[in-house]
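S.K.:
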Ligand SMILES: Cc1cc2nc3c(=O)[nH]c(=O)nc-3n(C[C@H](O)[C@H](O)[C@H](O)COP(=O)(O)O)c2cc1C
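Residue numbers (the working numbering): 1 to 319.
1. Give the range of the alpha helix (DSSP H) segment to which residue 108 is assigned.
2. From the DSSP output, in three-state form, read off residue 317 for me.
3. Around the Cβ of residue 279, are there at least 16 other Cβ atoms within 10 angstroms (buried) or fewer (exposed)?
4. Which of helix, strand or coil does DSSP assign to residue 185?
5. If the criterion is Cβ atoms closer than 7 Å, does the pair residue 87 and residue 135 meet it?
6. Bridge partners of residue 139, per DSSP?
7. Is the closest heavy atom of ligand 1 to the C-beta of residue 130 under 6 Å?
8. What three-state label does DSSP hand residue 119 in the structure shown?
9. How big is the Cα-Cα spacing for residue 207 and residue 285?
10. For a minimum of 4 consecutive residues, which ranges assigned as the alpha helix (DSSP H) are wholly contained in the stretch 158-223?
11. Drop a sphere of 10 angstroms on the beta-carbon of residue 180, count the other beta-carbons inside from all chains shown, and report buried for 16 or more, exposed for fewer.
12. Got a sec: does ligand 1 put a non-hydrogen atom nearer than 6 Å to the Cβ of residue 141?
13. Closest to residue 163 by C-alpha separation, out of 198, 176 and 290, would be which residue?
14. Between which two residues does the beta strand (DSSP E) harbouring residue 304 extend?
15. Heavy atom of ligand 2 less than 6 Å from the Cβ of residue 239, yes or no?
16. Just checking, does the stretch 186-200 make contact with the stretch 248-256 on the three C-beta pairs under 8 Å criterion?
17. Is the separation between the beta-carbon of residue 190 and that of residue 178 shorter than 7 Å?
18. From this set, 298, 231 and 306, which residue's C-alpha is nearest residue 150's C-alpha?
19. Write down every uninterrupted run of the alpha helix (DSSP H) in the stretch 257-283 whose length is 4 residues or greater and which is fully enclosed by it, in chain order.
20. Compare the Cα-Cα distances from residue 145 to each of 108, 45 and 122 and report the closest residue.
21. Roughly how many angstroms separate the alpha carbons of residue 312 and residue 299, rounded to a whole number?
22. Could you tell me the distance, in whole angstroms, from the CA atom of residue 17 to the CA atom of residue 233?
23. Report yes or no: do three or more beta-carbon pairs, one from the stretch 90-108 and one from the stretch 123-134, lie closer than 8 Å?
24. State yes or no: is the C-beta of residue 292 within less than 7 Å of the C-beta of residue 184?
25. Look at the Cβ atom of residue 256, then the Cβ atom of residue 152, and state whether they are nearer than 7 Å.
26. With which residues is residue 68 paired in a DSSP beta bridge?
27. Is residue 95 close to ligand 1? I mean its beta-carbon at under 6 Å from any heavy atom of the ligand.
28. Would you say the beta carbon of residue 167 is closer than 6 Å to some non-hydrogen atom of ligand 1?
29. Compute the beta-carbon to beta-carbon distance between residue 218 and residue 211, rounded to the nearest angstrom, for a pair I have assumed lies under 8 Å.
30. Using three-state DSSP, classify residue 55 as helix, strand or coil.
31. For a quick check, are the C-beta atoms of residue 167 and residue 127 less than 7 Å apart?
32. Specify, as a first and last residue, the run of the beta strand (DSSP E) that residue 232 falls within.
33. Please classify residue 242: does DSSP put it in a helix, a strand, or coil?
34. Could you tell me if the beta carbon of residue 284 falls within a distance shorter than 6 Å of some heavy atom in ligand 1?
See the structure below:
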């Protein structure tokens, strides 16, 4: 193993190569890269995970329909605020944190953000390199639908030691992708594609997932996904405000859908609704955690004209 890979290997084994301590601006490119890796412990090696997991209950594969319950407080009235839980007492205090304070590490911000902004859907993104030779597949949970008319999505790419993520580079070079949904039964395969494999190894092979044809873009879609969205890049933004020597920029892509693919048995007749019991989406949480949907509840969106005559508070506010 050479270069970047050996630096990563050393870091994973927690070996302190001498250059790790050298962060001066006169450092060599390799030293800068080593230093950047040392400051970027986003993906840590987890020891004894299989032992820990063995003590946990098995995953419930029963596929029983996800129950629909009442909402948490069906008697809630306008102005009621929160009536249950710790925040109801109004005595909890909050710590103020400046994310840019000296001594506040990027990793602390990362851990705080991914545990506090949760669950996040996982966009499983298929792209192809500029020369058309490498087919790339990787998961991203800095991902969201941002509009339905036109259907648009964002995917965001974190800074890392060395070059920018392949998916970002491919989007920049080709402007095309497929965003695939992630269901419970796919999660190990999806997680495997996030591995920092050598560039010539295809994540498709690592995952064992299958390619299915697309119509408007070159990248293939994932056959196992319930829902896949072919898309083209509308805009990209690189965040130069946090450039660190040895690390790539962070970047964001705005993607407009050009085609939808929906598993036939998972949708209603006019393909306007996907069955949650078929989609079984996985959400990414803090640390290494993922969540599944265990139950749902409905809550109609309020309309002033319907609600105001029924509510004393709304009527008072209106006068
Ligand atoms: C569930 C999951 C979600 C992830 N979300 C992101 C993300 O939002 N942004 C990011 O830069 N990396 C994210 N990663 C890490 C990338 O998938 C990983 O760096 C991958 O190797 C990038 O592949 P690429 O270089 O082929 O694009 C995530 C990994 C996992 C397992």
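C-beta: ideal position from N, C-alpha, C; glycine also.
M.R.: Once the coordinates are examined:
1. Translated into positions along the chain shown, residue 108 becomes position 108. First-last of the alpha helix (DSSP H) with residue 108: 106-116.
2. Along the chain shown, read from residue 1 onward, the residue named residue 317 stands at position 317. If DSSP states are grouped into helix, strand and coil, residue 317 belongs with the helices.
3. Along the chain shown, read from residue 1 onward, the residue named residue 279 stands at position 279. Residue 279 is buried by the Cβ-count criterion.
4. The residue given as residue 185 occupies position 185 in the chain shown. In the structure shown, residue 185 sits in a helix (DSSP, three-state: H, G or I).
5. Within the chain shown, residue 87 is the residue found at index 87, counting from 1. Within the chain shown, residue 135 is the residue found at index 135, counting from 1. No; because the gap between Cβ atoms is not below 7 Å, this pair is not in contact.
6. Taking the first residue of the chain shown as position 1, residue 139 is located at position 139. Residue 139 pairs with 124.
7. As a first step, residue 130 must be located in the chain shown, where it is residue number 130. No.
8. Against the chain shown, residue 119 aligns to sequence position 119. In the structure shown, residue 119 falls within a coil segment according to DSSP collapsed to helix, strand and coil.
9. On the chain shown, position 207 is the one that residue 207 refers to. On the chain shown, position 285 is the one that residue 285 refers to. Roughly 22 Å between the two C-alpha positions.
10. 166-174, 187-192 and 203-207
11. Counting from 1 along the chain shown, the entry for residue 180 is found at position 180. That one is buried.
12. Within the chain shown, residue 141 is the residue found at index 141, counting from 1. At least one heavy atom of ligand 1 is nearer than 6 Å to the Cβ of residue 141, so yes.
13. As a first step, residue 163 must be located in the chain shown, where it is residue number 163. Nearest C-alpha to residue 163: 198.
14. Here residue 304 refers to the residue found at position 304 of the chain shown. Counting along the chain, no beta strand (DSSP E) covers residue 304; the unbroken alpha helix (DSSP H) around it starts and ends at 304-307.
15. The model on display carries ligand 1 but not ligand 2.
16. In this structure the stretch 186-200 does not lie against the stretch 248-256, because fewer than three pairs of beta carbons, one per stretch, are closer than 8 Å.
17. As a first step, residue 190 must be located in the chain shown, where it is residue number 190. As a first step, residue 178 must be located in the chain shown, where it is residue number 178. Contact flag unset, no.
18. Within the chain shown, numbered from 1, the residue matching residue 150 stands at position 150. Of the listed residues, the one whose Cα sits closest to residue 150 is 231.
19. Correct list: 276-279.
20. On the chain shown, position 145 is the one that residue 145 refers to. For the residues 108, 45 and 122, the minimum Cα distance to residue 145 belongs to 122.
21. The residue labelled residue 312 in the question sits at position 312 within the chain shown. The residue labelled residue 299 in the question sits at position 299 within the chain shown. Taking the straight line joining both Cα atoms gives about 21 Å.
22. Sequence index remark: in the chain shown, residue 17 carries index 17 (1-based). Sequence index remark: in the chain shown, residue 233 carries index 233 (1-based). The pLDDT assigned to residue 17 is 34, lower than 50, so where the model puts this residue is not dependable, and the model offers no usable value.
23. no
24. Sequence index remark: in the chain shown, residue 292 carries index 292 (1-based). Sequence index remark: in the chain shown, residue 184 carries index 184 (1-based). A contact, by the Cβ cut-off of 7 Å.
25. Translated into positions along the chain shown, residue 256 becomes position 256. Translated into positions along the chain shown, residue 152 becomes position 152. Contact: yes.
26. Indexing the chain shown from 1 puts residue 68 at position 68. Looking at the DSSP output, residue 68 shares a beta bridge with 296.
27. For the purposes of this step, residue 95 is taken as residue 95 along the chain shown, with counting starting at 1. Because no heavy atom of ligand 1 lies under 6 Å away, the Cβ of residue 95 does not count as near it: no.
28. The sequence position of residue 167 within the chain shown is 167, counting from 1. Result yes, Cβ under 6 Å from ligand 1.
29. Indexing the chain shown from 1 puts residue 218 at position 218. Indexing the chain shown from 1 puts residue 211 at position 211. At roughly 12 Å, the Cβ-Cβ gap does not stay under 8 Å, so residue 218 and residue 211 are not in contact.
30. Within the chain shown, residue 55 is the residue found at index 55, counting from 1. Of the three classes helix, strand and coil, the one that applies to residue 55 here is coil, per DSSP.
31. On the chain shown, position 167 is the one that residue 167 refers to. On the chain shown, position 127 is the one that residue 127 refers to. Their beta carbons are under 7 Å apart, which means residue 167 touches residue 127 by this criterion.
32. Position 232 of the chain shown, counting from 1, holds the residue named residue 232. Residues 227-239.
33. On the chain shown, residue 242 is found 242 positions in, with the first residue counted as 1. It is helical.
34. What you label residue 284 is simply residue 284 of the chain shown in a count that begins at 1. Yes, ligand 1 has a heavy atom inside 6 Å of this Cβ.
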